[in-house]
Structure formats: C-alpha cells, structure tokens
Amino acid sequence: MKITPILLAFGLAAGFTACQSPSSESETSEASDSTVTSEKMTGGTYETMLHYPQETHLANVRQLTFGGDNAEGYFSFDDSKLVFQSNHDKWGLECDQIFYMDIAKGTKADVVPPMLSTGKGRTTCSYFMPGDTTIIYSSTHLGGDACPAEPERGASGAYVWPIYDSFDIFVADLEGNILDTLIGGPGYDAEPTVSPNGDRIVFTSNRSGDLELYTCNIDGSDIVQITDELGYDGGAFFSPDGSKIVFRSSRPKTDEEIAKYTGLLEKGMVEPTNMEIYVCNANGSGLTQVTDLGNANWAPFFHPGGEKIIFSSNHASERGFPFNLFMINLDGSGLEQITFDSQFDAFAMFSYGGEKLVFASNRINSGTRATNLFIADWVE
C-alpha cells in the first residue's frame, strides 16, 4: 500500500496505507521560505514554515496542492508531470482518487485537476508507465462503487491500515480510460511502481497468504515472488539502475508479535507502528536490513546515486510524531536528517534527473491535518 498519507499516522491522525492520503480540510496560500506561522492543533500550538533553515539539502521549496489530503506524488519519466492521490472534499471526493498535474502549474484548491481513476471505489499507489502516456494504479472499483469501509482502531487504540482484497492493478491513459487490468483476481494486489528501465513492475500481494513483494514484466506477465518472510513487505521502489529494490517491512519475531500480526491479517488489517527499511536485489537475493531504528521507518526511495536511501521516520519520537525525512547509506551508516517539520513529512521521490525532490507534508496547513505536496531543488 504504499500508503494514504498518514499524517501523524501513529497516534494523531488520519491514515495512509502504504500508498494513501490523509484527511482534512484546509486551503493555504503560498508562503515565502522565511514565513513562520504559529498554528493551533489538538494538543497545543506549534510553529511551522515552508522551508526550515536546517533543511540545507532543499532549495526553492514550492507548494503544489492546497487543501485536502494529497500524497504519493510521483514524477513522469520526463520529470514534467506528477501523478498523485487525493481525497479533497472540495473536489467532490469521499475517498482517494488518482490525479495528475503539470508541475510548472501545480494545482488550485478550487479547480479539480484531471482525474485518471474512475471516481469509484478507493484507489492508491499510482505511477507513470514508460512513455508518460499511461499510468498504473490500484483500485477497489471492481468490488463496488462505494468507498470500502475503513477499519476501526484495535482494542488498544492502535492505528491500523486496511488490506482490501478488492484492490487490483490497472493501466489507464491520461484521459482516465482503463486500458488493462494488469494484475487482478482474488486478494490484495496493490502498491505498484515501475523500474526506471521501464521493463519491470514491483508490487505487494497477499496471494501467498502473507503480504509479500512480487515483480512482473511491464505487461503483467512473468510474475515472480521475491520475498517470503512473515511480515508486511510493501512500499517498494527500484534503484536508479533497476538492479535493486528498497522497501519497508514489519518483521514480527516473538510468539506474541506473530499472533498479533497474523490475527490482524486474517481480518484484513495490519498495524504499521514498527517497520524498518530493507534492500534486496531485483530478483529477491541479497536481502539486507538497512535500518534498525525502532518505531515506524517507511516510504523509502533511492537517492539518484543509488548508494543512499531517503525515507520517513518517527524513530526519535515518544509520541508517534513528528515524522521527518532522513537519509542513510545502504550499509546502515551515515544517518542524516533531511527535513525538520513539527508534524509530518513523507513520500519523498527524486526526479529521474536527480535535481528535484517531491514530498508530502503537513507544514503550513492552517492548523488542520491537511497533507499537501511540495517540490524542492535538491542540494547535495
């Protein structure tokens, strides 16, 4: 699932799955880098700004969406467009649907951008296909027109992600016409992303009985399972050269953890409070755990050089938030904090040219739980 943006997902807020977006209402006007705003939210007042002084790897930060919950913004191969998901109620949405934008223009709160999904069911995890004339995305619409019900929190009040068996993977053109059901059938098939080489797709499925990673050809043929350990493997992306895959996973170890994980999975849910980052070769060999930080480490993406990973984490938090972006070497060394927001930053993706970074954030959202997309120049 790559996730619906979870703002403060683990304790405060709305939810994203591995490819989803947060829920809230807000409109924000553009702010300059130096604008500091005090915003009120449940639990007190906090300061927020478009670009924090400590964020030295970012320059020319620009807000792309204004209000609602927007996340999983991913570049087209030519770096001119973004495909993303949103549940903005001012666009007439009850749950996440897929849209795209011209990056140079961004979006406006009162103008609905081109919708690429059907407007039915719930969607997640969209990605441009080679050629930039089609996208791939996950949707539940074959299981019904309505938004599937969201699960209630567990007995302990813990936040859970739904694993809808009605999720299938589709190919659509930029007019919103479905061209193919790429991966279908019973069970959860979602979270697809495409290799920069344009030849393979990686996705998450529960077809084995557990949530594992699979790859397939760009046309959906030659499906190969590449992970096989108990736990939720998802949110996977290829390295720039297509030789490796990075993903986040829960790995229950104790009898109690295993019983809890399998019990929730039987009910179509997972609890994403403990996840670490892993890397393997594109065929599944050479599996390596990269982080061992505790709490939730997720939404990873390769640095353009292929030797580092950017990801979102709340490992330094005792309250479940904030989530910020961090960078780490493939061998687990050199951990560096990239963003410094007081609430939530996640879903980072580098442009194919390596010059831009897009991410989702709760910064400057007028004290709501709105999650918006931002783009910045990347500074090494």
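With this note's numbering, you'll find the sequence shown wraps up at 380, consecutive numbering, no jumps.
Ideal Cβ positions, reconstructed from N, Cα and C, are used throughout, including at glycine.
Remember, it's a predicted structure, so these values are computed and weren't measured experimentally.
Nearest by alpha-carbon distance to residue i: which of the options is it?
i	options	result
ASN362	GLY332, THR65, GLN54, ASN283	THR65
TYR352	THR368, ILE338, VAL270, PHE301	PHE301
TYR52	THR204, ASP341, VAL358, THR134	ASP341
ILE277	ASP180, SER285, ALA296	ALA296
THR123	GLU55, ASP110, ALA146, LEU287	ALA146
HIS88	ASP377, ASN372, VAL379, PHE170	ASN372
ASP255	GLY121, GLY143, LEU230, HIS141	LEU230
MET275	HIS315, GLU266, ILE136, LEU287	HIS315
ILE245	CYS95, PRO113, HIS57, GLY286	GLY286
GLY92	VAL83, PHE77, GLY73, ASP69	ASP69
GLY305	GLU380, PRO192, SER208	GLU380
VAL160	GLY367, SER366, LEU265, ASN281	LEU265
GLY187	ILE98, ILE201, GLU175, SER166	SER166
GLU271	LEU116, THR288, SER249, VAL279	SER249
GLY332	GLN343, PHE350, PHE321, ILE310	ILE310
GLY220	VAL279, CYS280, LEU182	LEU182
CYS280	TYR261, GLN225, LYS267, LYS260	GLN225
GLY144	GLY119, PHE77, GLU152	GLY119
ALA370	SER208, ASP189, HIS57, SER86	SER86
Along the chain, where does the beta strand (DSSP E) containing residue i start, and where does it finish?
i	result
ASP345	345-350
SER86	81-86
TRP378	372-378
ALA236	233-238
ALA299	297-302
GLU276	276-281
MET101	97-102
THR181	178-183
ASP110	No beta strand (DSSP E) contains ASP110, which DSSP labels as neither H nor E.
Considering only residues of the same chain and omitting the five flanking positions on each side of residue i, which have a CB-CB separation below 6 Å?
i	result
ALA346	ALA299, SER312, PHE323, ALA360
GLY184	ASP168
ARG251	GLY231
GLY121	SER139, THR140, HIS141
SER32	Note that SER32 scores 45 on pLDDT, short of 50, meaning its location in the model is unreliable and no value can be drawn from it.
GLY294	HIS315
VAL171	THR134, ILE136, LEU179, ASP180, LEU182
TYR261	PRO252
Residue i: buried (16+ other C-beta within 10 angstroms of its C-beta) or exposed?
i	result
ASN60	exposed
ASN177	exposed
ALA236	buried
ARG319	exposed
ASN217	exposed
ASP292	exposed
GLY263	exposed
ILE258	exposed
GLU72	buried
THR288	exposed
ASP110	exposed
GLY209	exposed
Which residues bound the alpha helix (DSSP H) around residue i?
i	result
GLY263	255-266
Under the assumption that residue i contacts residue j (Cβ atoms under 8 Å), give the Cβ distance between them as a whole number of angstroms.
i	j	result
GLY131	ASN197	GLY131 to ASN197, Cβ: 13 Å. No contact.
THR204	ASP233	6 Å
MET269	ILE364	Not confirmed; about 33 Å, so no contact.
GLU55	THR339	6 Å
Which residues in the same chain as residue i place their Cβ atom closer than 8 Å to its Cβ, once the five residues preceding and following it in sequence are excluded?
i	result
GLY106	ARG62, GLN63, LEU64, THR65
GLY334	LYS308, MET327, ILE328
LYS443	As shown, the chain starts at 1 and ends at 380. That puts residue 443 outside it, with no answer to give.
ASP199	ASN217, ILE218, GLY242
PRO192	CYS125, TYR127, ILE136, TYR137, SER138, ILE169, LEU182, ILE183, ILE201, VAL202, PHE203
Given residue i, which residues of its chain have a CB within under 7 Å of its CB, disregarding the five upstream and five downstream residues?
i	result
ASP173	THR133, THR134, LEU179
GLU355	ASP377, TRP378
THR227	GLU212, LEU213, ASP233, GLY284
THR42	Bear in mind that the predicted position of THR42 carries a pLDDT of just 40, short of 50, making it unreliable; the figure below should be weighed with that in mind. Closer than 7 Å at Cβ, skipping near neighbours: no residue.
Using a Cβ-Cβ cut-off of 8 Å, state whether residue i counts as contacting chain D.
i	result
MET49	No chain D appears in the structure shown, which is made up of a single protein chain.
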